[in-house]
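Trainee:
Protein chains: 2
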Amino acid sequence: MSPADLSAGLDYVRLHVALERLFRLLRRDTQPSGLSLTAASTLRNLELNGPRRLTDLATDESVTQPAMTQLVSRLERDGLAERTTDPTDGRVVLVRVTPAGIALMQRRRAIRAQHLAGLLSTLNEEDERLIAAALPALERLGGVTGGIA
Amino acid sequence: MSPADLSAGLDYVRLHVALERLFRLLRRDTQPSGLSLTAASTLRNLELNGPRRLTDLATDESVTQPAMTQLVSRLERDGLAERTTDPTDGRVVLVRVTPAGIALMQRRRAIRAQHLAGLLSTLNEEDERLIAAALPALERLGGVTGGIA
DNA sequence: TATTGTTATACTCTATAACTATA
DNA sequence: TATAGTTATAGAGTATAACAATA
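These protein sequence lines map, in sequence, to chains W and Z. When the letters of the first sequence are read in order and numbered with my numbering, they come out as residues 1 to 149. When the letters of the second sequence are read in order and numbered with my numbering, they come out as residues 150 to 298.
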């Protein structure tokens, strides 16, 4: 009934709805770690790329500079990140993740992977195989404008 | 390097990270419609199921009753939903979506599907085919505990 | 007394506008 | 003057606790 079936038979509305439902499921698990999506993404950014300017973080995460200022202040208050200075430019604030921040991210990933495993255990082998096969494609899909990259 | 490769060769951490990145990408597009994920999900719920009690909506969407009270107030203020009464029980508030709410959801789905199509156009045919093949499995994955259940 | 919903209060997260400090 | 960051203010969205109305 829809003209959305295109080149590869992919219905975008269906994919969008399916992804959104998964998002909501995963988001519900956000509570345990207490990290918002942006907070988690920022910590991951710092894990991967090392100390980073506040302005760059704001750009990477698609939030405004004031929003990032506040997020970093909360992370700092909670001991998950630290502000340092740039010796070569007095205006710059460099942000880095702390060991506690890294530990929290590790726990978070483990917990959410476990939850995802629980969800997947309700699927049959074939479905799981299909998702595994599509995973690299999904990674590329998210990576394109994913920011950070 | 990880013991996460299990039955079907599916790495849960990788899947979780990939979904989370996609999540952030789609969320960035939330602005155009101005609807939060919960607001959109609630309107969709009302579209599918018809008028619904405020308490049931709170349960469906996994938020507290006061949070749903406020969300419905915002939706009502914006003309997207309406409160009505239940003739058989004076305590009950029934919420229903308005034509404007339905129209907004239709626009939102079209816009986001279009954006998804744009993202997918950067992938090659094979990747798109793999995602199309996995879509029903992803739908089942999201549907399993989608909710409510 | 139990259920349904609202109000009060507080915190996160976001934005825009105005400001400070450094270059 | 331009750049980096903060502060001020406002609003969405969430939670818990206390309350009001109806059953």
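Every residue gets a Cβ at the ideal spot worked out from N, C-alpha and C, and that includes glycine.
Go through its chain and collect everything with a Cβ distance to Glu128(W)'s Cβ below 7 Å, but skip five positions before and after it.
Mentor: Position 128 of the first sequence, counted from the first residue, corresponds to residue 128(W). Only Leu120 meet the Cβ criterion.
Trainee: Exposed or buried, what is Thr64(W) when buried is set at 16 or more other beta-carbons lying within 10 Å of its beta-carbon?
Mentor: Counting from 1 along the first sequence, the entry for residue 64(W) is found at position 64. Exposed, because fewer than 16 other Cβ atoms sit within 10 Å of the Cβ of Thr64(W).
Trainee: Secondary structure at Ser33(W), three-state DSSP: helix, strand or coil?
Mentor: As a first step, residue 33(W) is located in the first sequence; it is residue number 33 there, counting from the start. It is helical.
Trainee: Suppose contacts are defined by Cβ-Cβ distances below 8 Å. Is Thr204(Z) in contact with Gly228(Z) by that definition?
Mentor: In the second sequence, the residue the question calls residue 204(Z) occupies position 55. In the second sequence, the residue the question calls residue 228(Z) occupies position 79. No; because the gap between Cβ atoms is not below 8 Å, this pair is not in contact.
Trainee: Could you say which of Thr122(W), Ala113(W) and Ile102(W) lies nearest to Ala167(Z) if we only look at CA atoms?
Mentor: Sequence index remark: in the second sequence, residue 167(Z) carries index 18 (1-based). Among Thr122(W), Ala113(W) and Ile102(W), the Cα nearest to that of Ala167(Z) belongs to Ala113(W).
Trainee: What would DSSP say about Thr69(W), mapped onto helix, strand or coil?
Mentor: Here residue 69(W) refers to the residue found at position 69 of the first sequence. The answer is helix: DSSP assigns Thr69(W) an H, G or I state.
Trainee: From Leu224(Z) to Leu159(Z), what does the alpha carbon distance come to, in whole angstroms?
Mentor: Here residue 224(Z) refers to the residue found at position 75 when the second sequence is read from its first residue. Here residue 159(Z) refers to the residue found at position 10 when the second sequence is read from its first residue. Distance between the alpha carbons of Leu224(Z) and Leu159(Z): 40 Å.
Trainee: Does the beta-carbon of Thr191(Z) have 16 or more other beta-carbons within 10 angstroms, so that it is buried, or is it exposed?
Mentor: For this step, residue 191(Z) is matched to residue 42 along the second sequence. The residue in question, Thr191(Z), is buried, as its Cβ has 16 or more Cβ neighbours within 10 Å.
Trainee: In angstroms with no decimal places, state the Cα-to-Cα distance between Leu48(W) and Leu15(W).
Mentor: If you number the first sequence from 1, residue 48(W) lands on position 48. If you number the first sequence from 1, residue 15(W) lands on position 15. Roughly 29 Å between the two C-alpha positions.
Trainee: Counting along the chain, where does the beta strand (DSSP E) carrying Glu231(Z) start and finish?
Mentor: Counting from one through the second sequence, the residue named residue 231(Z) turns up at place 82. Taken as a continuous stretch (DSSP letters only), the beta strand (DSSP E) holding Glu231(Z) covers Ala230 to Asp235.
Trainee: What in chain W is Cβ-close to Ile280(Z), meaning under 9 Å?
Mentor: Counting from 1 along the second sequence, the entry for residue 280(Z) is found at position 131. Under the 9 Å cutoff, chain W gives Ala8, Leu10, Leu15, Ala134, Ala137, Leu138 and Leu141.
Trainee: Compare the C-beta of Arg83(W) with all C-beta atoms of chain Z and state if any pair is closer than 8 Å.
Mentor: Walking along the first sequence from the start, residue 83(W) turns up at place 83. No, because no Cβ of chain Z sits closer than 8 Å to the Cβ of Arg83(W).
Trainee: Looking only at its own chain, which residues have a Cβ that is under 8 Å from the Cβ of Pro215(Z), when we skip the five neighbours before and after it?
Mentor: Position 66 of the second sequence holds residue 215(Z). Cβ neighbours of Pro215(Z) beyond the five flanking positions: none.
Trainee: Could you tell me the distance, in whole angstroms, from the CA atom of Arg193(Z) to the CA atom of Phe23(W)?
Mentor: If you number the second sequence from 1, residue 193(Z) lands on position 44. If you number the first sequence from 1, residue 23(W) lands on position 23. One C-alpha to the other measures close to 15 Å.
Trainee: Which two residues bound the contiguous beta strand (DSSP E) that contains Asp238(Z)?
Mentor: Against the second sequence, residue 238(Z) aligns to sequence position 89. Taken as a continuous stretch (DSSP letters only), the beta strand (DSSP E) holding Asp238(Z) covers Asp238 to Val246.
Trainee: Closer than 9 Å, Cβ to Cβ, to anything on chain Z: give me those residues from the segment 105-117 of chain W, in chain order.
Mentor: Against chain Z - using a Cβ distance shorter than 9 Å - the residues of the segment 105-117 of chain W are Arg109, Ala110, Arg112, Ala113, Gln114, His115, Leu116 and Ala117.
Trainee: Quick one: what's got a C-beta closer than 7 Å to Leu46(W)'s C-beta in the same chain, skipping five residues either side?
Mentor: Position 46 of the first sequence, counted from the start, is the residue given in the question as residue 46(W). Contacts found: Arg52, Ala81, Val95, Arg96 and Val97.
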